[in-house]
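Residue numbers for the sequence shown follow the working numbering, so the first one is 78 and each next one is one higher.
The beta carbon of each residue, even a glycine, is placed where N, CA and C say it ideally should be.
I have placed the structure first, in the form of structure tokens, so that the comments after it can refer back to it.
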Amino acid sequence: MLNALPMPSPFDIYLKMIGSFFTGNNLINSARRRSFNNFRSISSETRSTYYFQKRHSSTRNESLVNLKIQENGVAIVTLSRPEARNALSTDLARQLHSIMEDISLDCTEHHSISARGNKIRAVVLTGSGSSFCAGADLKERQSMSDEEWETQHKVFQGAAMAFHSIPVPTIAAINGHAFGGGLELICLADWSIVASNSRFRFPEVHLGIFPGLGATVTLPRLIGPAIARRLILSAGTFTAEEGYRIGLFAKIASDGAEALKMALEDAATVSKNAPNAVQRAKQSLRECSEIVHFTDAWKHSLRLYGNSFRSEERVEGIRAYGEKRLPNYSK
């Protein structure tokens, strides 16, 4: 008897829907590795500001996404279009896509994009100014043809998927309002910390479309299907307190500065743990939640656990416990 094929998860279906948007991966990864090798020869000061202009010929030749890597391996990624409430433009999305994929490579390659050579252990995503992200730049979209809209949305989807695919923990430090695609980015983070005065909305159905960066998949998993339907189908505004109460946000802060501080504290705590174990635990949490059948999810978790305990990290962690000292995972 033939074995029954496993049922694809909703997220697998979503990935297949957008799969045609991402081709030529081998060429792209090869180019990224060459960029890494070039990056190692650049001065520390130049590294700390990142090299967007070399990687992207933005029409205004400016950095719309900033990256800072702390000594503890925590990467701070900041959306930097405060005059437009950090709305997603084509250029911003391209830069965001690039930086997120470089972070993923840093987590898996033998060299580091940090000026100090520290491997990235966690990522904090935040916004500059008073907003986190206002969603897609509707002014930029007003004069677009259907073909131009579709082309731009492929860029947006690439950036969102690159953020979702980062193997280390990702934390959204929500410094202000987030709408549409900006709120969908938050849903793709592993957890988020929100400023208490922030407001949120999925306005898409009011504009004749629906959320296109995965919220119809991610939101029901985060807060349950009934509340997800209410938020998306009503296009209504909700507060930080409401989002915290329904489980969309992990913590609530007094303001944006406090939200960033709390996110960095969480990231610093993560950075002290065994890095490979953290990545495998995140992989198990994410992938097992996307497997519908419990037994299949359990078996998949055991496979990942088997890779985890066959490691030098496990040996060091147990040895440090016996010697009553902190483990050293920096080797």
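Taking a contact to mean a Cβ-Cβ separation below 8 Å, would you say residue 234 touches residue 299 in this structure? Residue mapping note: residue 234 aligns to position 157 of the sequence shown, counting from 1. Residue mapping note: residue 299 aligns to position 222 of the sequence shown, counting from 1. No, the pair does not count as a contact, with Cβ atoms beyond the cut-off.
Let me know the secondary structure DSSP gives residue 248 once reduced to three states. Here residue 248 corresponds to residue number 171 of the sequence shown, with the count starting at 1. It is a strand residue.
Please list the terminal residues of the continuous alpha helix (DSSP H) segment that includes residue 354. To locate residue 354, count along the sequence shown from 1; it is residue 277. 352-366 is the extent of the alpha helix (DSSP H) around residue 354.
Under 8 Å, do residue 422 and residue 344 count as touching if we go by C-beta distance? Because the chain here runs from 78 to 408, residue 422 falls outside it and cannot be looked at.
Near residue 254, what residues of its chain come up, given a Cβ to Cβ distance below 8 Å and the 5 sequence neighbours on each side ignored? Mapped onto the sequence shown, residue 254 falls at position 177. The residues are 162, 207, 208, 209, 211, 275, 276 and 277.
Nonlocal neighbours in the same chain, by C-beta distance under 6 Å from residue 304, ignoring five residues either side: The sequence position of residue 304 within the sequence shown is 227, counting from 1. Closer than 6 Å at Cβ, skipping near neighbours: 323.
Using only the alpha-carbon positions, how far apart do residue 374 and residue 392 sit? Here the question's residue 374 lines up with position 297 in the sequence shown. Here the question's residue 392 lines up with position 315 in the sequence shown. Near 27 Å, if we compare the C-alpha coordinates of residue 392 and residue 374.
One question on the structure: do residue 263 and residue 249 come within less than 8 Å of each other, judged by their Cβ atoms? By one-based count along the sequence shown, residue 263 stands at place 186. By one-based count along the sequence shown, residue 249 stands at place 172. Yes, the Cβ-Cβ distance between residue 263 and residue 249 is below 8 Å.
Please state whether DSSP places residue 409 in a helix, a strand or coil. Because the chain here runs from 78 to 408, residue 409 falls outside it and cannot be looked at.
Alpha carbon to alpha carbon, how far is residue 365 from residue 396? Give it in angstroms, no decimals. Locating residue 396 in the sequence shown gives position 319, where the first residue counts as 1. Locating residue 365 in the sequence shown gives position 288, where the first residue counts as 1. In a straight line, the C-alpha of residue 396 is about 30 Å away from that of residue 365.
Taking only the alpha-carbon atoms, compute the straight-line gap between residue 350 and residue 236 and give it to the nearest angstrom. Indexing the sequence shown from 1 puts residue 350 at position 273. Indexing the sequence shown from 1 puts residue 236 at position 159. Roughly 28 Å separates the two Cα atoms.
Reduced DSSP secondary structure (H/G/I, E/B, other) of residue 144: Within the sequence shown, numbered from 1, the residue matching residue 144 stands at position 67. Of the three classes helix, strand and coil, the one that applies to residue 144 here is strand, per DSSP.
Based on the DSSP secondary-structure assignment, which residues constitute the bridge partners of residue 151? Position 74 of the sequence shown, counted from the start, is the residue given in the question as residue 151. The partner list for residue 151 (beta bridge, DSSP) reads 199.
Find out if the Cβ-Cβ distance for the pair residue 142, residue 176 is shorter than 8 Å. Walking along the sequence shown from the start, residue 142 turns up at place 65. Walking along the sequence shown from the start, residue 176 turns up at place 99. A contact, by the Cβ cut-off of 8 Å.
Give the C-beta separation of residue 336 and residue 239 to the nearest angstrom, bearing in mind that I take them to be a contact with Cβ-Cβ under 8 Å. Here residue 336 is taken as the residue at index 259 of the sequence shown, counted from 1. Here residue 239 is taken as the residue at index 162 of the sequence shown, counted from 1. Contact flag wrong, Cβ pair sits at about 23 Å.
Alpha-carbon to alpha-carbon, residue 185 and residue 246: The residue you call residue 246 lines up with position 169 of the sequence shown. The residue you call residue 185 lines up with position 108 of the sequence shown. Those two C-alpha atoms are separated by around 14 Å.
Give me the residue from 181, 159, 169 and 147 with the minimum Cα distance to residue 140. For the purposes of this step, residue 140 is identified with residue 63 of the sequence shown, where counting begins at 1. Selected option, being the one with the closest Cα: 169.
Rounded Cβ spacing between residue 205 and residue 157 (contact assumed at less than 8 Å): In the sequence shown, the residue the question calls residue 205 occupies position 128. In the sequence shown, the residue the question calls residue 157 occupies position 80. Yes, residue 205 and residue 157 are in contact; Cβ-Cβ is about 5 Å, under 8 Å.
Under the three-state reduction of DSSP, which class applies to residue 377: helix, strand or coil? To locate residue 377, count along the sequence shown from 1; it is residue 300. In this structure, residue 377 counts as helix in the three-state DSSP scheme.
If you run the structure through DSSP and keep just helix, strand and coil, what is residue 174? Looking up residue 174 in the sequence shown gives position 97. The answer is helix: DSSP assigns residue 174 an H, G or I state.
In the DSSP assignment, what are the bridge partners of residue 416? Outside the displayed range of the chain (78 to 408) lies residue 416, so it cannot be described from this structure.
Spatially closest choice to residue 339 from 270, 259 and 368, by CA coordinates: On the sequence shown, residue 339 is found 262 positions in, with the first residue counted as 1. For residue 339, the nearest C-alpha among the options comes from 270.
Between which two residues does the alpha helix (DSSP H) holding residue 237 run? Here residue 237 refers to the residue found at position 160 when the sequence shown is read from its first residue. Its alpha helix (DSSP H) spans residues 223-241.
Leaving aside the five residues before and after residue 310 along the sequence, list all residues of the same chain whose C-beta is less than 7 Å from its C-beta, in chain order. As a position in the sequence shown, residue 310 is number 233, starting the count at 1. Contacts found: 282.
In whole angstroms, what is the alpha-carbon distance linking residue 358 and residue 286? Locating residue 358 in the sequence shown gives position 281, counting from the first residue. Locating residue 286 in the sequence shown gives position 209, counting from the first residue. The straight-line gap from Cα to Cα measures roughly 36 Å.
Please report how far the alpha carbon of residue 284 lies from the alpha carbon of residue 402, in whole angstroms. Here residue 284 corresponds to residue number 207 of the sequence shown, with the count starting at 1. Here residue 402 corresponds to residue number 325 of the sequence shown, with the count starting at 1. Each residue's alpha carbon lies about 57 Å from the other.
Nearest residue (CA-CA) to residue 243, options 229, 183 and 214: The residue you call residue 243 lines up with position 166 of the sequence shown. The shortest C-alpha separation from residue 243 is found at 183.
Where does the unbroken alpha helix (DSSP H) through residue 317 begin, and where does it stop? Counted from its first residue, the sequence shown places residue 317 at position 240. Counting along the chain, the alpha helix (DSSP H) containing residue 317 begins and ends at 317-322.
Is it the case that the Cβ atoms of residue 213 and residue 150 are separated by a distance below 8 Å? As a working note, residue 213 is residue 136 in the sequence shown. As a working note, residue 150 is residue 73 in the sequence shown. No. Outside cutoff.
Nearest-angstrom Cα distance between residue 380 and residue 361? Sequence index remark: in the sequence shown, residue 380 carries index 303 (1-based). Sequence index remark: in the sequence shown, residue 361 carries index 284 (1-based). Their backbone Cα atoms lie some 9 Å apart in a straight line.
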